[in-house]
Amino acid sequence: MRNSIKLAIIIIIALVIAVSFSSCQAAKRVKGSEQFSGTISAVEVSSDVAEITILPSDSGKAAVEWDGKISRNRDFNVEEKDGTLSVLLTEKKRMFSWLPFSFFFQTDKGMDIRIFLPEENLDEVTVHNEVGDIEITGVKMKDLQVDTDVAEVIIDGAAADTIEAKSDVGDVTVKNSSGKLSVTTDVGEVNVELEEIEHDHFFQTNVGDVTLTLSAVPDNVTFQATTDVGSVHMFGKKGSYAVKQADYLVEIITDVGDITVSAK
Numbered sequence: 001m002r003n004s005i006k007l008a009i010i011i012i013i014a015l016v017i018a019v020s021f022s023s024c025q026a027a028k029r030v031k032g033s034e035q036f037s038g039t040i041s042a043v044e045v046s047s048d049v050a051e052i053t054i055l056p057s058d059s060g061k062a063a064v065e066w067d068g069k070i071s072r073n074r075d076f077n078v079e080e081k082d083g084t085l086s087v088l089l090t091e092k093k094r095m096f097s098w099l100p101f102s103f104f105f106q107t108d109k110g111m112d113i114r115i116f117l118p119e120e121n122l123d124e125v126t127v128h129n130e131v132g133d134i135e136i137t138g139v140k141m142k143d144l145q146v147d148t149d150v151a152e153v154i155i156d157g158a159a160a161d162t163i164e165a166k167s168d169v170g171d172v173t174v175k176n177s178s179g180k181l182s183v184t185t186d187v188g189e190v191n192v193e194l195e196e197i198e199h200d201h202f203f204q205t206n207v208g209d210v211t212l213t214l215s216a217v218p219d220n221v222t223f224q225a226t227t228d229v230g231s232v233h234m235f236g237k238k239g240s241y242a243v244k245q246a247d248y249l250v251e252i253i254t255d256v257g258d259i260t261v262s263a264k
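To convert, note that position 153 of the sequence shown is 153 in full-length UniProt numbering; the numbers rise steadily by one, no gaps.
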């Protein structure tokens with residue numbers, strides 16, 4: 001009886017390894033591009049492993065370029081439907097994928113995905129990437145939401161009503177951008193450079209430094225900063241910076257790390 005059970009376990013493990021290994025061997029190079037002539041009002045990007053770059057379109061039309069290797073247990077789709085551009089790189093449901101050691105047989109190196117967006121009529125851009133850097137430069141929209149598990153996020157020259165950037169592990173940098181900001185990371189640094197404060201902002205990291213650089217010291221903004229382990233410096237002085245009857249509030253929180261707000 002015991003021998004039969006042992007034999008069954010060995011067969012199951014061998015089958016798992018065979019299926020996983022055969023899946024790895026099927027990795028192939030994919031490269032292509034597609035342009036969309038219709039009006040794009042929303043963009044949805046979701047990926048498990050990729051380097052994602054979003055840039056303004058020179059032609060005024062939305063376009064997607066991709067290059068990389070994916071295995072046969074991955075689906076990559078680019079489509080436009082009812083004004084929404086979707087770029088999806090996801091894992092298919094696989095046999096034995098629930099087993100904790102099956103991920104050791106994954107050989108995907110991810111993909112480079114470049115998305116070009118027009119300036120007009122863009123309402124919402126949502127980007128989720130589990131592993132891989134996200135860089136967004138010079139695009140305009142009403143709402144921008146960026147979420148990654150393990151990666152660096154860089155937002156440079158974006159114009160929006162609201163910008164929300166989250167990372168579980170990785171630095172988040174926002175530069176030369178406009179809109180109400182919410183920037184958070186569990187482990188990593190938050191670096192923000194702004195010309196001026198025109199909205200309430202929220203910056204938080206559990207473990208890491210927060211640095212905010214402005215073009216000048218504002219006279220209508222209160223900066224409220226708290227850290228459990230670390231230092232707080234506002235424009236060369238220790239502690240928070242309060243202004244009576246301030247128009248805007250900037251809240252900065254870190255559990256372990258330094259908080260620095262300065263003017264150029």
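Using N, Cα and C, we set each Cβ at its ideal position, and we do this for glycine too.
At which residues does the beta strand (DSSP E) containing residue i begin and terminate?
i	result
residue 34	28 to 36
residue 74	74 to 81
residue 68	62 to 70
residue 251	248 to 256
residue 225	221 to 229
residue 232	232 to 234
residue 242	Careful: residue 242 lies outside any beta strand (DSSP E) and carries neither H nor E.
State the DSSP-derived secondary structure class of residue i, mapped to helix, strand or coil.
i	result
residue 197	coil
residue 212	strand
residue 40	coil
residue 58	coil
residue 189	coil
residue 87	strand
residue 264	coil
residue 49	strand
residue 207	strand
residue 25	Reliability fails at residue 25, whose pLDDT of 47 lies under 50, so the model's placement of it is uncertain and the value that follows must be treated cautiously. Helix.
residue 102	Note that residue 102 has pLDDT 42, beneath the 50 cutoff, so the model's placement of it is unreliable and no number is given.
Please return the same chain residues whose Cβ sits closer than 6 angstroms to the Cβ of residue i, not counting the five positions on each side in sequence.
i	result
residue 41	83, 121, 123
residue 216	263
residue 189	171, 208, 209
residue 168	149, 186
residue 145	126, 164
residue 175	156, 193
residue 173	154, 191
residue 78	34, 64, 87
residue 252	203, 210, 225, 259
Quick one: residues in its chain with C-beta nearer than 7 angstroms to the C-beta of residue i, no 5 flanking neighbours on either side, listed in chain order?
i	result
residue 49	108, 110, 130, 131, 132
residue 65	33, 114
residue 246	220, 221, 222
residue 242	222
residue 68	30, 109, 110, 111, 112
Leaving aside the five residues before and after residue i along the sequence, list all residues of the same chain whose C-beta is less than 8 angstroms from its C-beta, in chain order.
i	result
residue 244	none
residue 63	33, 34, 35, 36, 57, 115, 116
If contact is defined by three or more beta carbon pairs under 8 angstroms, each pair taking one atom from either stretch, is the region 256 to 263 in contact with the region 210 to 229? Enough Cβ pairs lie closer than 8 angstroms, so yes.
Is the region 112 to 122 close to the region 44 to 61, with three or more CB pairs under 8 angstroms? The region 112 to 122 is in contact with the region 44 to 61.
For the region 146 to 160 and the region 118 to 133, state whether three or more C-beta atom pairs, one from each stretch, are separated by less than 8 angstroms. Contact between the region 146 to 160 and the region 118 to 133 is present, because at least three Cβ pairs lie under 8 angstroms.
Please confirm if the region 156 to 163 is in contact with the region 73 to 87, defined as three or more CB-CB distances below 8 angstroms between the two stretches. Touching, no.
Assess contact between the region 179 to 195 and the region 229 to 242, defined as three or more Cβ pairs (one per stretch) separated by less than 8 angstroms. Is contact present? Verdict: no, contact absent.
Please give me, in chain order, every unbroken run of the beta strand (DSSP E) with length at least 3 that falls completely inside the region 117 to 183. Scanning the region 117 to 183 from its first residue to its last, the whole beta strand (DSSP E) runs of 3-plus residues come out as 124 to 131, 134 to 137, 143 to 150, 153 to 156, 159 to 169, 172 to 175.
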